[in-house]
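One structure below.
Protein chains: 2
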Amino acid sequence: MGVVSLFSVAPEGSITSPKGFRAGGLHCGLKKTARNDLGAIVCEVPAVAAAVYTTNVFQAAPLKVTRESIASGGRLQAVVVNSGNANACTGKQGEADAYAMRAAAADALGLAEHDIAVASTGVIGELLPMDRVSTGIAGLPAVLSAEDDGAEQFCQAILTTDLVKKEVCVRLAVDDREVLIAGAAKGSGMIHPNMATMLAFVTTDAAVEPQALQQLLGATTDVTFNMITVDGDTSTNDMLVAMASGLADNRPLAPGHPDWEAFAAAFRHVCETLAQAIARDGEGATRLVEVTVEGAVTEQSARAIAKTVIGSSLVKSAVFGADANWGRIIAAVGRAGEPVNPETVDIKLGDIVVLSGSRPIPFDEEEALVYLQGDTVTIHVDLHNGKGSATAWGCDLTYDYVRINAAYRT
Amino acid sequence: MGVVSLFSVAPEGSITSPKGFRAGGLHCGLKKTARNDLGAIVCEVPAVAAAVYTTNVFQAAPLKVTRESIASGGRLQAVVVNSGNANACTGKQGEADAYAMRAAAADALGLAEHDIAVASTGVIGELLPMDRVSTGIAGLPAVLSAEDDGAEQFCQAILTTDLVKKEVCVRLAVDDREVLIAGAAKGSGMIHPNMATMLAFVTTDAAVEPQALQQLLGATTDVTFNMITVDGDTSTNDMLVAMASGLADNRPLAPGHPDWEAFAAAFRHVCETLAQAIARDGEGATRLVEVTVEGAVTEQSARAIAKTVIGSSLVKSAVFGADANWGRIIAAVGRAGEPVNPETVDIKLGDIVVLSGSRPIPFDEEEALVYLQGDTVTIHVDLHNGKGSATAWGCDLTYDYVRINAAYRT
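And the structure:
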């Protein structure tokens, strides 16, 4: 999606492709297996930075520290992330640990503390083993690389129950110079972002006005990361950070710049691709589900309805079973608390019309079964009640979701 | 719960125990197996009636017909219910079928149409096979009985994926006369009632003022049926009907009557028992989960938080796995959108304190495991932020929930 003529996907790109960025990851002992659990993205100059955070009342300690860093000057030169432990609900000691993590990174990387963001993801309510974290951070400079392997190691370091890494890179022209925007994210469970998502990081070498970057980040989050759900649970640690190095040497981007629309479209593509990847790799998921709602009274109403359908356990179970059970879709539409005319609803599964004017349309069950067994299932709802439209992404509800979450902590 | 000194449970009682009520059920061919799928409760006099209905925009046809019946005179003499087919999203033909169901019952039972309520539960979007329904209704008079077997056959007739029937009866004194209140319900899936629940029927021989009955029904629903969730999905067919025959011959009950509080407490006990039974028998459930929230700013806020916790897929999966994962509980509390002081939260699992002042308390994992493997799991959250309290009921999320719902329709 997006206005593809304004930018192009760079399939070989990564978060270190934009000029100025290095990344890396290593295993410091937070995960029981030898997988990476600590990583960093470092910029050779202080990058214009913007961030959005979870709306959960219980915000993890690293969010407070990152917020302070960005507030102090609107710039970041490094983000340090651990997985395996969320440093959430850990009290004063957890806060002290998040500050210590930042101080250790400043020391190791030779940067000011206020130029460093920290993020954590994993189990809630356990203190970070700071000896391992400190030793790990001291080892980060040696593994940082501007090559693809550095990005790869970072992407591995932020995963928890994720099965695959999530990465994307796009290319566009700004002031006739090449600009790259790239992103990396992790997701999997406790995914129902609200004003931010899981951990996601966007790098670009574009020069961007700080306020313009923050506004673009917020607006884009609303239609990308905030439109995915795996299980309706909003994490304590959700954080999305964007860093713009400016090394592409364009005139700083802001609304009014002739290439602003292209940049915004490319930025949205990066966020949407990461959001979809998180939904597709939801815990236990076997397929990506995309719900588009049209004809709602407002865009906000369309979003609420799309998120209700994508979040319905019954709809999600039916998709897992490849069952064309549109009754569950319309029941979810009807309980979203939004204006709906009960007489005018159309529903399609892919291209298969199952409901028209709120009346069942006979369809080929065999064709529906084949469609629903595919890799991606699209549910299209037209309310014929206004101009608002929205798309949400999620996944099916499977035995594996239950298996993973019945035994996550132990 | 309830003020138990004001009434007593009548374990041998059923919906036909209150004076004036007969019930029965039979198999008319809506379910594929030979289980009952059609039933009725009939009163020998027109009973004062009250009802609450689903808030889902897509209300099934029988709700419209029942609403009209009750509106016409505030009384009902019979309720006719089928399972196996919800008669929802079935358009004009579905409405005509619901009216035809009522007309057939009036004919068979020798009653006026406006004294009859109809209800349906089952698959959405398929037309009722009216030949079978009509033949079945004609057979109802022969199976009606004031004995327990009549109630038993009715209770069986309203079940879908339920594993057990849900029934309760209580006894109290009103004007020194014995009054009975009894109830029957079905639940299982698509359970997240809002202003009503699944199908539930309450009978009493008390004389009750019509307005008082409706107000009591609404207020009681808010703290009983509206406080349960199985999967967050609100059905198109939820309906709760109460019928008061008046044959106990007391002075009509209303606020101000000296026995009103006892009647209200007994009525609440009936509704709460049915609601808990629906939660415990949620699709695939292995245990009942009860979440109590205290210290919220208002009762409404406590309800919202309790329902968020009970509805969390991650909390439900953890209970299935007997995992004392309080991090998921606090994460759910924090995303409920209600005022919470992040520094003052206590959490107990049964009597086991796991969080105090928002700080983890070391606990005996073995003891927690044994507790969480029990039949009922109680989660107690004290916010220390006000006087509001509420209790919600639900169940664990299991492989069987996924199995049942991946293949329900086919």
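So the sequences go chain by chain: E and A. Using numbering that gives the first Met the number 0, read the first sequence as starting at 0 and increasing by one per residue. Using numbering that gives the first Met the number 0, read the second sequence as starting at 0 and increasing by one per residue. C-beta atoms are modelled at their ideal positions from N, C-alpha and C, and glycine is treated no differently.
Neighbour list for S316/A in chain E, Cβ cutoff strictly below 7 Å: For S316/A, the chain E residues whose C-beta falls within less than 7 Å of its own C-beta are V401, N404, A405, listed in chain order.
Tell me the start and end of each unbroken beta strand (DSSP E) in the region 270-319 of chain A that is at least 3 residues and wholly inside, in chain order. Given a length threshold of 3 residues, each whole run of the beta strand (DSSP E) inside the region 270-319 of chain A is given here in chain order: 287-295.
Going by other Cβ atoms of all chains shown within 10 Å of its Cβ, with 16 needed for buried, is L162/A buried or exposed? By the beta-carbon neighbour count (other beta carbons within 10 angstroms, threshold 16), L162/A is exposed.
Rounding to the nearest angstrom, what Cα-Cα distance links K31/A and K164/A in this structure? The C-alpha of K31/A lies about 19 Å from the C-alpha of K164/A.
Can you list, in chain order, the residues of the region 357-372 of chain A whose Cβ is nearer than 7 Å to any Cβ on chain E? Listed in sequence order: S357, R358, P359.
Can you tell me which of P209/A, E271/A, A33/A puts its alpha carbon nearest to the alpha carbon of T159/A? If you compare the alpha carbons of P209/A, E271/A, A33/A with that of T159/A, the shortest gap goes to A33/A.
With a cut-off of 8 Å on the beta carbons, I'd call V296/E and G387/E a contact; round off their distance for me. Approximately 6 Å separates the beta-carbon atoms of V296/E and G387/E; this is inside 8 Å, confirming the contact.
Can you tell which of H113/E, D350/E, G336/E has the C-alpha that lies nearest to the C-alpha of A367/E? Looking at H113/E, D350/E, G336/E, the one whose alpha-carbon comes closest to that of A367/E is D350/E.
Residue closest to L215/E, alpha-carbon to alpha-carbon, out of T343/E, V376/E, A48/E, S68/E: Minimum Cα-Cα distance from L215/E among the listed residues T343/E, V376/E, A48/E, S68/E corresponds to A48/E.
Pick from A278/E, V369/E, L382/E, E43/E that is closest to D204/E, judged by C-alpha positions: The shortest Cα separation from D204/E among A278/E, V369/E, L382/E, E43/E belongs to E43/E.
Between the region 319-352 of chain A and chain E, which residues of the former have CB atoms less than 9 Å from a CB of the latter, in chain order? Of all residues in the region 319-352 of chain A, those with a C-beta nearer than 9 Å to a C-beta of chain E are F319, G320, A321, D322, A323, N324, W325, G326, R327, I329, A330, A331, V332, G333, R334, A335, G336, E337, P338, V339, N340, P341, E342, V344, reading in chain order.
Report the neighbours of T235/A on chain E: residues whose CB is nearer than 7 Å to its CB, in chain order. Neighbours of T235/A on chain E, chain order: A330, G333.
For A265/E, tell me which candidate among T219/E, T375/E, A406/E has the shortest Cα-Cα distance. With distances taken between Cα atoms, A265/E lies closest to T219/E.
Quick one: measure Cβ to Cβ for G135/E and L75/E, integer angstroms, because I've assumed they're closer than 8 Å. Between L75/E and G135/E the Cβ distance is about 20 Å, and since that is not below 8 Å, they are no contact.
Through-space distance from A391/A to V41/E, alpha-carbon basis: Rounded to whole angstroms, V41/E to A391/A spans 48 Å at the Cα level.
Going along chain A, which residues have a C-beta under 9 Å from T419/E? The requested residue 419/E is not part of the displayed model; chain E covers only 0 to 409.
Taking the Cβ atom as the reference point for each residue, do L239/E and L198/E lie within a distance shorter than 9 Å? Their beta carbons are under 9 Å apart, which means L239/E touches L198/E by this criterion.
With H, G and I counted as helix, E and B as strand and the rest as coil, what does DSSP make of F262/A? Helix.
Beta-carbon gap between H383/E and V353/E smaller than 9 Å: With respect to V353/E, H383/E sits apart: the two C-beta atoms are not nearer than 9 Å.
If I measure Cβ to Cβ from P140/A and keep anything under 7 Å in the same chain, skipping five residues before and after, which residues do I get? Spatial neighbours of P140/A in its own chain (CB-CB distance under 7 Å, excluding positions within 5 residues in sequence) are listed in chain order as A107, L108.
Bounding residues of the beta strand (DSSP E) (the contiguous stretch that carries R21/E): Residue range 20-25 is occupied by the beta strand (DSSP E) that includes R21/E.
Residue-level contact to chain E via CB, L313/A, 9 Å cutoff: Yes - at least one Cβ of chain E is within 9 Å of the one on L313/A.
CA-CA distance, A241/E and F362/E? One C-alpha to the other measures close to 46 Å.
With a threshold of 9 Å between beta-carbons, can N81/E be considered close to chain A, or not? No, N81/E does not count as interfacial toward chain A.
Of all the options P128/E, E177/E, V269/E, S71/E, which has the alpha carbon lying nearest to the alpha carbon of A85/E? Selected option, being the one with the closest Cα: P128/E.
Around the Cβ of V3/A, are there at least 16 other Cβ atoms within 10 angstroms (buried) or fewer (exposed)? Because the pLDDT at V3/A is just 47, under 50, the model does not fix this residue reliably, and the point stays unresolved.
Looking only at its chain, what residues have a beta carbon closer than 8 Å to the beta carbon of L143/E, apart from the 5 residues adjacent to it on each side? The residues are R21, A22, G23, A39, V41, G149.
Going by alpha carbons, who is nearest to V56/E out of A406/A, A104/A, S357/A, E365/A? Taking the Cα of V56/E as reference, the smallest distance to any Cα among A406/A, A104/A, S357/A, E365/A is reached at S357/A.
Looking only at C-alpha atoms, which of A87/E, A335/E, S82/E, Y400/E sits nearest to G28/E? Of the listed residues, the one whose Cα sits closest to G28/E is S82/E.
For E166/E, which beta-bridge partners are listed by DSSP? Answer is A183/E, bridged to E166/E.
Are the beta-carbon atoms belonging to V269/A and G182/A less than 9 Å from one another? Judged by their CB atoms, V269/A and G182/A are nearer to each other than the 9 Å cut-off.
For K31/A, which three-state DSSP category applies? Reduced to three states, the DSSP call for K31/A is coil.
Range covered by the alpha helix (DSSP H) that runs through M129/A: From DSSP, the alpha helix (DSSP H) with M129/A extends over 129-142.
Quick one: does G1/E have its CB under 9 Å from some CB of chain A? Annotation note: pLDDT 42 at G1/E (below 50); position unreliable, coordinate value reported separately. Taking CB atoms only, G1/E has no neighbour in chain A less than 9 Å away.
Which listed residue (N340/E, S316/E, K63/E) has its alpha carbon closest to that of R402/A: Here the closest residue by C-alpha is S316/E.
Determine, for L162/E, whether the minimum Cβ-Cβ distance to residues of chain A falls below 9 Å. With its beta carbon at least 9 Å from every one in chain A, L162/E lies outside the interface.
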